[in-house]
Amino acid sequence: SINDSVKYQLANAEVQESEVTVVATEEPAPEEIIPSETKEVPFYEGYTGKKVFEKGNLITGWTPGKLQKMAITDENGFRKYDDRYLVALGTYFTTVTGQYFDLVLENGTIIPCILGDQKSDYHTDTTYHAFTIGSKDCSEFIVDMQLLSKEVRQAGDVSKTFEEWDSPVKEVILYEKYV
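The sequence shown finishes on residue 181 if you use our numbering, and the numbering steps up by one all the way, no holes.
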């Protein structure tokens, strides 16, 4: 605290001196999320950086389903919670639904995400369990199909939503924070 002698004038025009205690307070720091691990996206033949989508209304598992009920849909059709995109990843990256993570693209763009669903090992590559077998993607954004643009639906790639997203995922930064 800071003690300071302050002069002030009373209503009767007398000048008096009084000791005033001023307490300096700091604003609490915004909640900081500390990275726990960074995982590089491994090489996978045919991976182009495509970011596919899955219909949010088809997610019914206990934890993913509860998260879907808490999420909102933004104007582009993306399901979000805590201003982060809900995304499915393979078990190579994480297995904890509700975990916070960032997708870091090769062009430097960072997409803040939460694991909204888990890709099944059955549907991913057998070496890493990172890439979906058919589409060769490593991230599936959870969406409301009715709000996705026609271009995104036709391309099957949410990278078409924002120009800066049109770049492959380079790494995934995991955080020790969960919904």
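Backbone N, C-alpha and C fix where the C-beta goes; we use that ideal spot for every residue, glycine too. Since the model is a prediction, treat every value here as computed from it, not as a measurement.
In three-state terms, what does DSSP make of residue i?
i, result
"residue 98", "coil"
"residue 38", "strand"
"residue 171", "strand"
"residue 134", "strand"
"residue 166", "helix"
"residue 23", "Low confidence applies to residue 23: its pLDDT is 41, below 50, so where it sits in the model is not reliable enough to give any reading."
"residue 82", "strand"
"residue 71", "helix"
Assuming residue i is part of the beta strand (DSSP E), what are its boundary residues?
i, result
"residue 153", "No beta strand (DSSP E) holds residue 153; the alpha helix (DSSP H) holding it covers 152 to 157."
"residue 77", "Premise fails: residue 77 is in no beta strand (DSSP E) and is neither H nor E."
"residue 108", "Element bounds for residue 108: n/a, residue is neither H nor E."
"residue 145", "142 to 145"
Which one or two residues does DSSP pair with residue i in a beta bridge?
i, result
"residue 120", "91"
"residue 178", "In DSSP, residue 178 forms no bridge with anything."
"residue 45", "Residue 45 is not bridged to any residue."
"residue 50", "None; residue 50 has no bridge partner."
"residue 126", "134"
"residue 114", "104"
Hey, out of the options, whose CA is closest to residue i's CA?
i, options, result
"residue 58", "177, 135, 149 and 156", "149"
"residue 109", "176, 171, 180 and 133", "171"
"residue 154", "37, 79 and 60", "79"
"residue 105", "164, 85, 174 and 39", "174"
"residue 121", "181, 96, 112 and 107", "96"
"residue 129", "179, 102 and 94", "94"
"residue 60", "81, 77 and 49", "81"
"residue 160", "73, 38, 52 and 127", "52"
"residue 163", "100, 55 and 37", "55"
"residue 84", "111, 107 and 118", "118"
Closest Cβ-Cβ distance between residue i and chain B: below 9 Å?
i, result
"residue 80", "Structure shown: chain B not included; a single protein chain is present."
Exercise. Contact between the stretch 137 to 155 and the stretch 89 to 109: three or more CB pairs below 8 Å?
Worked result: yes
For this session: May I ask you to verify whether the stretch 32 to 46 touches the stretch 125 to 140, counting CB pairs closer than 8 Å and requiring at least 3?
Result: yes
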